[in-house]
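Working notes for the structure below.
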Amino acid sequence: MIIGIDLGTTYSLAGTIDLDQRPVLLPDNSDKTVLYTPSIVHINGNNAFVGQTVLNMLEQNPGLDVIRFFKRYLGEKKELHIDSDGNVWYPEAIAALVLKKINFDAEIYASNSVDGAVITVPAHFDDAQRKAILNAAAMIDLSVLGLLEEPVAAAIYYGVSQNAHEQNILVYDLGGGTFDATVLTVNEKGFYVMSKDGLTDMGGKEFDEAMASLIQGQFEKAAGKPLLFTGSKLQQLRVFSEEVKIELASPGVKYINRICLLGNDSIEVFITRKEFENAITFEVDRTIKILKRCLSSAGLTEDIIDTLLMVGGSSMIPFVRQRIEQEMPALAGKIRYQDPMKAVVFGAAHYAKMLSSDHSDTDNSDLPSELRGVTGYNIALRAVNPETGRTVMDILIPKNRPIPVKIKRTYYTAPNSGGRMRLELLQFIEEQEAKTLGVLNVGPLPTNKANYPIEITIEYTEDGIIVLQAYNAETGLELEKTFGKEGMGANYLAGQKKIVQKTFINNTL
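Taking the numbering used here, I'd label the letters of the sequence shown as residues -2 to 506.
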């Protein structure tokens, strides 16, 4: 069986293409009515509880130690949990637990093994974040057919469902924890990304926090003092805030008036839709700024866009649409929703089927024969000019360059280099916000002399992964090199894989 996986910040979904060539969601093994996996984990000894089971546990024990929002930390060596054996759990390993649960659910549902998966990623995910997804899959021996950007996945599903051809599509993808904007053109040959942009720290999580702040303010006003939070109170506030947010986003609902219980304290909470909208205006406007920048990067104007495709649960908040219509009026009549909560995973399922080896015996005439993406950032190397001694930033691959792409560049060793060369790989949209992807160390070299030529090859793959190689420019022979972030090498990953593989999921796997 071939599946698509939407590994989300707050919820994850898996889907496949059924015998009628329709995308279907794969249910939770323990409850077939649950068609998603909350991206939340509780680790207890050699057992990890994942998904809906954890939410059920939180109802009984709101102070339970849980791991949320791990997706925001992928690509970083950030400690998310230390278990009873002293093992440190990092983001890739937590993601692996969620993938392990999804994989198990899929195999139980189909009574068949999962032979491969397409996993979706935010369009603005960088090399380290994408490699973290691949590493998470490798920890559970899940074969990844490819990584697919979430807005592109949604566009594929929209294109297949609506038989959309000869269109310029602008995707607004606002999920639980990330925001993506992507411009694509669709024709009879395939889907072609023209530009993409996004925010890592923007999603429904921010809207929940804005609502929580309003509720906390009412509590403190009623009590006349600051509200002191325990773990259980925070969980109760989080759940109540999300419920109120969803209710206020429902058609026709102008206000909510409900009793909120936090620990032993309770008040009657009254919040209007307008108050909520005022609280999230800044965040919504951040997304619209990115949407405009993405459109500008593609060299297009609003009137050239045929469809503004809204994706993700937070995109369904009425105020989001209202602000877009106010700020980008030419798009007002072009806004479309096509299963915004499922579009990404359904698109991934279609693409997985297309990539699989068994697709030749099925009808894939509606699927794109070609899919071309672009780079999300400027990719540059920072090196020392051997003549001036100054540090320079050399842009090798500019933002929104069609991929795959391979670039070659020759650099020269500095005096007193010790027979080695050190180059820092960077990514950025604006140069002052440059982020280090890792350090390329080349050597030992055949000589210690200055101005020794080294040819650096940088490849940006279809999956958005960066591959670096170094060659002797005089002989063409490949040179020894290492690349990566400090402390995130093979030993780190092997250790994480070991604890993942010995951990049971929900007492069954």
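Cβ coordinates follow ideal geometry from the N, Cα and C atoms, glycine included.
Quiz prompt | Cα-Cα separation between residue 233 and residue 275, rounded to whole angstroms | solution = Taking the first residue of the sequence shown as position 1, residue 233 is located at position 236. Taking the first residue of the sequence shown as position 1, residue 275 is located at position 278. Near 23 Å, if we compare the C-alpha coordinates of residue 275 and residue 233.
Quiz item: Taking the continuous alpha helix (DSSP H) assigned at residue 131, which residues delimit it?
Solution: The count along the sequence shown starts at 1 and reaches residue 131 at position 134. Note, residue 131: alpha helix (DSSP H), 124 to 136.
Quiz item: In whole angstroms, what is the alpha-carbon distance linking residue 159 and residue 221?
Solution: Position 162 of the sequence shown holds residue 159. Position 224 of the sequence shown holds residue 221. Approximately 56 Å, taken between the alpha carbons.
Quiz item: Going along the chain, which residues of its own chain have a beta-carbon closer than 8 Å to the beta-carbon of residue 402, five neighbours each way excluded?
Solution: Position 405 of the sequence shown, counted from the first residue, corresponds to residue 402. Excluding sequence neighbours, residue 402 sits near 372, 394, 456 and 457.
Quiz item: So what does DSSP say about residue 325, is it helix, strand or coil?
Solution: The sequence position of residue 325 within the sequence shown is 328, counting from 1. Residue 325 falls in the coil class under three-state DSSP.
Self-check item: When 77, 259 and 214 are compared against residue 507, the one with the closest alpha-carbon
Solution: In the structure displayed, the chain extends from -2 to 506; residue 507 sits before or after that span and is not available.
Quiz item: Helix or strand or just coil, what does DSSP make of residue 348?
Solution: To locate residue 348, count along the sequence shown from 1; it is residue 351. Helix at residue 348.
Exercise. Determine the direct distance from the alpha carbon of residue 176 to that of residue 295, and round the result to whole angstroms.
Key: Counted from its first residue, the sequence shown places residue 295 at position 298. Counted from its first residue, the sequence shown places residue 176 at position 179. Going by the C-alpha atoms only, they are around 18 Å apart.
Quiz item: How about residue 426 and residue 378: do their beta carbons lie closer than 8 Å?
Solution: Indexing the sequence shown from 1 puts residue 426 at position 429. Indexing the sequence shown from 1 puts residue 378 at position 381. Cβ distance not < 8 Å, so residue 426 and residue 378 don't count as in contact.
Practice problem: Use the C-beta contact count for residue 248: other C-beta atoms within 10 angstroms, 16 or more gives buried, fewer gives exposed. | Solution: Start at 1 with the first residue of the sequence shown, and residue 248 comes out as number 251. Classification for residue 248: exposed.
Quiz item: Would DSSP call residue 359 helix, strand or coil?
Solution: Position 362 of the sequence shown, counting from 1, holds the residue named residue 359. Reliability of the predicted coordinates at residue 359 is poor, the pLDDT of 49 falling under 50, and no value is obtained from them.
Quiz item: Contact between the region 105 to 122 and the region 338 to 352: three or more CB pairs below 8 Å?
Solution: yes
Quiz prompt | Which of helix, strand or coil DSSP assigns to residue 226 | solution = On the sequence shown, position 229 is the one that residue 226 refers to. Coil.
Exercise. Rounded to whole angstroms, what's the CA-CA distance from residue 252 to residue 246? Just pull it up for me.
Key: In the sequence shown, residue 252 corresponds to position 255, counting from 1. In the sequence shown, residue 246 corresponds to position 249, counting from 1. If you take the alpha carbons of residue 252 and residue 246, they lie about 10 Å apart.
Exercise. Would you list the residues sitting across from residue 467 in a DSSP beta bridge?
Key: Taking the first residue of the sequence shown as 1, we reach residue 467 at position 470. Note: residue 467 sits in a beta bridge opposite 453.
Quiz item: So the alpha helix (DSSP H) residue 101 belongs to, where does it begin and stop?
Solution: Looking up residue 101 in the sequence shown gives position 104. Taken as a continuous stretch (DSSP letters only), the alpha helix (DSSP H) holding residue 101 covers 88 to 107.
Quiz item: DSSP state of residue 215, grouped into three classes?
Solution: Sequence index remark: in the sequence shown, residue 215 carries index 218 (1-based). Residue state, collapsed to three classes: helix.
Practice problem: Report yes if the C-beta distance between residue 207 and residue 264 is below 8 Å; otherwise report no. | Solution: The residue you call residue 207 lines up with position 210 of the sequence shown. The residue you call residue 264 lines up with position 267 of the sequence shown. Against a cut-off of 8 Å, the Cβ pair of residue 264 and residue 207 comes out as no contact.
Quiz item: Considering only C-alpha positions, which residue in the set 293, 346, 423 and 442 is nearest to residue 434?
Solution: In the sequence shown, the residue the question calls residue 434 occupies position 437. Of 293, 346, 423 and 442, the residue nearest in Cα terms is 423.
Quiz item: Among residues of its own chain, excluding the 5 on either side of residue 212, which ones have a beta-carbon nearer than 8 Å to its beta-carbon?
Solution: Locating residue 212 in the sequence shown gives position 215, counting from the first residue. Excluding positions up to five away in sequence, the list reads 234, 237, 238, 241, 257, 266 and 268.
Exercise. Take residue 199 as the anchor and find which of 445, 66 and 385 has the nearest alpha-carbon.
Key: The sequence position of residue 199 within the sequence shown is 202, counting from 1. Comparing Cα-Cα distances from residue 199 to each of 445, 66 and 385, the minimum goes to 66.
Exercise. Let me know the secondary structure DSSP gives residue 5 once reduced to three states.
Key: Translated into the one-based positions of the sequence shown, residue 5 becomes position 8. Reduced to three states, the DSSP call for residue 5 is coil.
Quiz item: For the region 0 to 20 against the region 490 to 497, are there 3 or more C-beta pairs whose distance is under 8 Å?
Solution: no
Exercise. Answer yes if the region 330 to 349 comes into contact with the region 308 to 318, meaning at least three C-beta pairs across the two stretches below 8 Å, and no otherwise.
Key: yes
Exercise. Inspect the beta-carbon positions of residue 193 and residue 182 and report whether they are closer than 8 Å.
Key: Within the sequence shown, the letter at position 196 stands for residue 193. Within the sequence shown, the letter at position 185 stands for residue 182. No, they are not a contact pair.
Quiz prompt | Cutoff 6 Å; reference residue 145; Cβ partners in own chain excluding five residues on either side | solution = On the sequence shown, residue 145 is found 148 positions in, with the first residue counted as 1. So the list reads 115, 117, 345 and 348, once near-sequence residues are dropped.
Quiz prompt | Inter-residue spacing [alpha-carbon to alpha-carbon] between residue 244 and residue 250 | solution = Taking the first residue of the sequence shown as position 1, residue 244 is located at position 247. Taking the first residue of the sequence shown as position 1, residue 250 is located at position 253. If I take the Cα positions, the gap works out to 7 Å.
Quiz item: Shortest alpha-carbon distance to residue 191 belongs to which of 216, 120 and 142?
Solution: One-based indexing of the sequence shown puts residue 191 at position 194. Checked all of 216, 120 and 142; the closest Cα to residue 191 is 120.
Exercise. Using three-state DSSP, classify residue 275 as helix, strand or coil.
Key: As a working note, residue 275 is residue 278 in the sequence shown. It is helical.
Self-check item: Residues near residue 140 in its chain [Cβ-Cβ closer than 6 Å; skip 5 each side]
Solution: Here the question's residue 140 lines up with position 143 in the sequence shown. Once the five neighbours on either side are set aside, the close Cβ partners of residue 140 are 113.
Self-check item: Span separating the alpha-carbon of residue 324 from that of residue 201
Solution: By one-based count along the sequence shown, residue 324 stands at place 327. By one-based count along the sequence shown, residue 201 stands at place 204. Going from the Cα of residue 324 to the Cα of residue 201 covers about 21 Å.
Quiz item: Are residue 465 and residue 442 close, meaning C-beta to C-beta below 8 Å?
Solution: Residue numbering aside, residue 465 sits at position 468 when the sequence shown is read from its first letter. Residue numbering aside, residue 442 sits at position 445 when the sequence shown is read from its first letter. No, the Cβ-Cβ distance between residue 465 and residue 442 is not below 8 Å.
Practice problem: Flag this pair as yes or no: are the beta carbons of residue 36 and residue 1 separated by less than 8 Å? | Solution: In the sequence shown, residue 36 corresponds to position 39, counting from 1. In the sequence shown, residue 1 corresponds to position 4, counting from 1. Taking 8 Å as the Cβ cut-off, residue 36 and residue 1 do not qualify as a contacting pair.
Quiz item: Anyone know if the C-beta pair for residue 73 and residue 186 falls short of 8 Å?
Solution: If you number the sequence shown from 1, residue 73 lands on position 76. If you number the sequence shown from 1, residue 186 lands on position 189. Not a contact, by the Cβ cut-off of 8 Å.
Quiz prompt | Pairwise C-alpha distance: residue 499 and residue 95 | solution = Taking the first residue of the sequence shown as 1, we reach residue 95 at position 98. Taking the first residue of the sequence shown as 1, we reach residue 499 at position 502. Computed Cα separation, rounded: 14 Å.
Quiz prompt | Environment of residue 174 [buried if 16+ CB atoms lie within 10 Å] | solution = Here residue 174 corresponds to residue number 177 of the sequence shown, with the count starting at 1. It counts as buried.
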